[in-house]
Amino acid sequence: MDFYRHAVQRSSEGKTVRVCVVVSNGKIVNVIFTGDFFAEPPELIHKLGESLKGLSLQDLEEAGRRIENFFKNEEIWLMGASPEDFKIALTKVVQQSSKTD
Amino acid sequence: MVWRLLDVEWPDKPYYNMAVEEAVARAVGGGLSPNTLRFWRNDNTIVIGRCQCVSLEVLLPNCLEHGVKVVRRFTGGGAVYHDLENLNYAISFKRPSPIPSDDVSLGFRKVGEAIVLGLGMLGIKAEFVPVNDIQVGGKKISGMAGMLAKNLLFIHGCLLVGSNIEVLSKVLNVPKEKLEAKGAKEVRARVTTVIEEAKRQVSMDEIKLALLRGFEKVFQENFSPGKLTEWEEAEAERLYREKYTTLDWNLGPCTACPGRDKDAEILNLIASRG
Numbered sequence: 055m056d057f058y059r060h061a062v063q064r065s066s067e068g069k070t071v072r073v074c075v076v077v078s079n080g081k082i083v084n085v086i087f088t089g090d091f092f093a094e095p096p097e098l099i100h101k102l103g104e105s106l107k108g109l110s111l112q113d114l115e116e117a118g119r120r121i122e123n124f125f126k127n128e129e130i131w132l133m134g135a136s137p138e139d140f141k142i143a144l145t146k147v148v149q150q151s152s153k154t155d
Numbered sequence: 013m014v015w016r017l018l019d020v021e022w023p024d025k026p027y028y029n030m031a032v033e034e035a036v037a038r039a040v041g042g043g044l045s046p047n048t049l050r051f052w053r054n055d056n057t058i059v060i061g062r063c064q065c066v067s068l069e070v071l072l073p074n075c076l077e078h079g080v081k082v083v084r085r086f087t088g089g090g091a092v093y094h095d096l097e098n099l100n101y102a103i104s105f106k107r108p109s110p111i112p113s114d115d116v117s118l119g120f121r122k123v124g125e126a127i128v129l130g131l132g133m134l135g136i137k138a139e140f141v142p143v144n145d146i147q148v149g150g151k152k153i154s155g156m157a158g159m160l161a162k163n164l165l166f167i168h169g170c171l172l173v174g175s176n177i178e179v180l181s182k183v184l185n186v187p188k189e190k191l192e193a194k195g196a197k198e199v200r201a202r203v204t205t206v207i208e209e210a211k212r213q214v215s216m217d218e219i220k221l222a223l224l225r226g227f228e229k230v231f232q233e234n235f236s237p238g239k240l241t242e243w244e245e246a247e248a249e250r251l252y253r254e255k256y257t258t259l260d261w262n263l264g265p266c267t268a269c270p271g272r273d274k275d276a277e278i279l280n281l282i283a284s285r286g
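Taken in order, these protein sequences are the chains called X and S. Residues 55 to 155 in the numbering used here are what the first sequence spells out, letter by letter. Residues 13 to 286 in the numbering used here are what the second sequence spells out, letter by letter.
1. Can you list, in chain order, the residues of its chain with a C-beta nearer than 7 Å to that of S/Gly3? Leave out the 5 residues immediately preceding and following it.
2. Show which residues of chain X have a CB atom less than 8 Å away from the CB atom of S/Thr267.
3. What is the C-beta distance between S/Leu49 and S/Leu99, in whole angstroms, given that I count them as a contact (C-beta under 8 Å)?
4. Take S/Leu96 as the anchor and find which of S/Leu184, S/Ile177, S/Ala201 has the nearest alpha-carbon.
5. Tell me, to the nearest whole angstrom, how far the beta carbon of X/Ala117 is from that of X/Leu144; I am working on the premise that it is less than 8 Å.
6. Return the CA-CA distance between X/Val120 and X/Cys74, expressed in angstroms with no decimal places.
7. So, is the C-beta of X/Val148 closer than 8 Å to a C-beta in chain S?
8. Starting from the beta carbon of S/Pro187, find every residue of chain X whose beta carbon is closer than 9 Å, and list them in chain order.
9. For X/Thr88, which of X/Ser105, X/Ser151, X/Thr70, X/Gly80 has the nearest alpha-carbon?
10. Does S/Met13 come out as helix, strand or coil in the three-state DSSP assignment?
11. Quick one: what does DSSP say X/Asn127 is sitting in, helix, strand or coil?
12. Starting from S/Ser284 and walking both ways along the alpha helix (DSSP H), at which residues does that stretch end?
13. Roughly how many whole angstroms lie between the Cα atoms of S/Ala196 and S/Ala35?
14. What's the gap between the Cα of S/Val148 and the Cα of S/Ile127?
15. Rounded to the nearest angstrom, how far is the Cβ of S/Asn185 from that of S/Glu33, given a contact under 8 Å?
16. Report buried or exposed for X/Asn123, applying the criterion of at least 16 other Cβ atoms within 10 angstroms of its Cβ.
17. Measuring CB atoms only, is the region 241-261 of chain S touching the region 150-164 of chain S, in the sense that at least three cross pairs come out at less than 8 Å?
18. When the Cα of S/Gly43 is compared with those of S/Leu164, S/Asp114, S/Thr57, which residue comes out closest?
19. With distances taken between CB atoms, is the gap from S/Ala248 to S/Ala31 smaller than 8 Å?
20. In whole angstroms, give me the CA-to-CA distance for X/Gln150 and S/Phe51.
21. State buried or exposed for X/Lys107, treating a residue as buried only when at least 16 other CB atoms are found within 10 Å of its CB.
22. What are the residues that DSSP puts in a beta bridge with S/Cys170?
23. Is it buried or exposed for S/Leu281, if we count other Cβ within 10 angstroms and need 16 for buried?
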């Protein structure tokens, strides 16, 4: 069954990281991070979402690892939010899903 | 090279205004134009940040109802509402810039100093609040956005002069997490305007002059009034046609939102109105 979830994480610098996730049969089929943070080049943020596709929504450990590796390996400049905020946003989606499923 | 002051605007053409903004930045970065400060306005327009999802940040049906246009800018940061009582300032620096290490956050601070100085000349005691806000008594009066490219450091912002905050509240979907964290339950409670703070009518010319003096003082430079170059005009035309008027650009990359198709229709309707 497909479902859509959205969560918001507010960074310590006052910016928001939003994540929209589409899940099909327990697996992430689409995930997009957006928000009022600053990123250069901005297109790379969408590549972060690509790197999480196919994961089980419950596999937060692996998702967290991929997010960390992404920011470590890509030449991306980020201001107003940290990689941790992206991880927390995704965690919030999982928590929401646990409550409603 | 003497720094340039541009006072050029197309308030009814927000897509073109944004195209000019990027064209000037590109010209400065490419060494075709000197460092440039621009003042300009949009009328009745939402400008959303480069990394934002239009479906989540903007109440699009309300935009349609209130005749509000929506355009995505090329810098990050949050969505803002522009009307004729909202003055935009933009400064493009060729790198290396006068900002230490060409650091964007220091750029916000330095440009913030200029705006604070300018507001001080109008009798308003403002302060820069990191990351990118200028506040008066804890209320936001101006927000900035910026970007760093290979040859360019660019900072722009908007100053609420007497903006129609009631419309702003109806068309922007500010996350409750953000409002609560700032100790305010509604948009109205956390923003203020030049006119409210100065407690008198202040003309746009007076504000522009005060801000210009602030920039001159902070950057120790004189600005010479100028106009768009032929290259900038041609580049703005191209960006207007190929980027800022396109649905792809304004809708953005959030393919996960369930209402995307409907939002695309609304954006097309909004764009078709001019």
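We treat Cβ as the ideally placed atom computed from N, Cα and C, and that holds for glycine.
This is what the structure holds:
1. Since the first and last residues shown for chain S are 13 and 286, residue 3 of chain S lies out of range.
2. By Cβ distance, chain X contributes Asn84, Ile86.
3. About 12 Å; that fails the 8 Å criterion.
4. Answer by Cα proximity: S/Ile177.
5. Indeed they touch by this definition, with Cβ atoms about 6 Å apart.
6. Note that residue 120 of chain X corresponds to Arg in the displayed sequence, not to Val. Near 17 Å, if we compare the C-alpha coordinates of X/Cys74 and X/Arg120.
7. Not a single C-beta of chain S is nearer than 8 Å to the C-beta of X/Val148.
8. Chain X residues near S/Pro187: Val62, Arg64, Thr70, Arg72.
9. For X/Thr88, the nearest C-alpha among the options comes from X/Thr70.
10. The three-state reading of DSSP puts S/Met13 in coil, since its state is none of H, G, I, E or B.
11. DSSP, read as helix, strand or coil, puts X/Asn127 in helix.
12. Boundaries of the alpha helix (DSSP H) around S/Ser284: 272-284.
13. Note on S/Ala196: pLDDT 49, under 50, position unreliable in the model; no value is reported.
14. Taking the straight line from one Cα to the other gives about 12 Å.
15. S/Asn185 to S/Glu33, Cβ: 24 Å. No contact.
16. That one is exposed.
17. Between the region 241-261 of chain S and the region 150-164 of chain S there are fewer than three inter-stretch CB-CB distances shorter than 8 Å, so the stretches are not counted as touching.
18. The residue with the shortest Cα to Cα distance from S/Gly43 is S/Leu164.
19. Their beta carbons are under 8 Å apart, which means S/Ala248 touches S/Ala31 by this criterion.
20. Between X/Gln150 and S/Phe51, the C-alpha separation is close to 45 Å.
21. Label assigned to X/Lys107: exposed.
22. S/Asn100, S/Gly155.
23. In summary, S/Leu281 is exposed, with fewer than 16 beta-carbon neighbours lying within 10 Å of its beta-carbon over all protein chains present.
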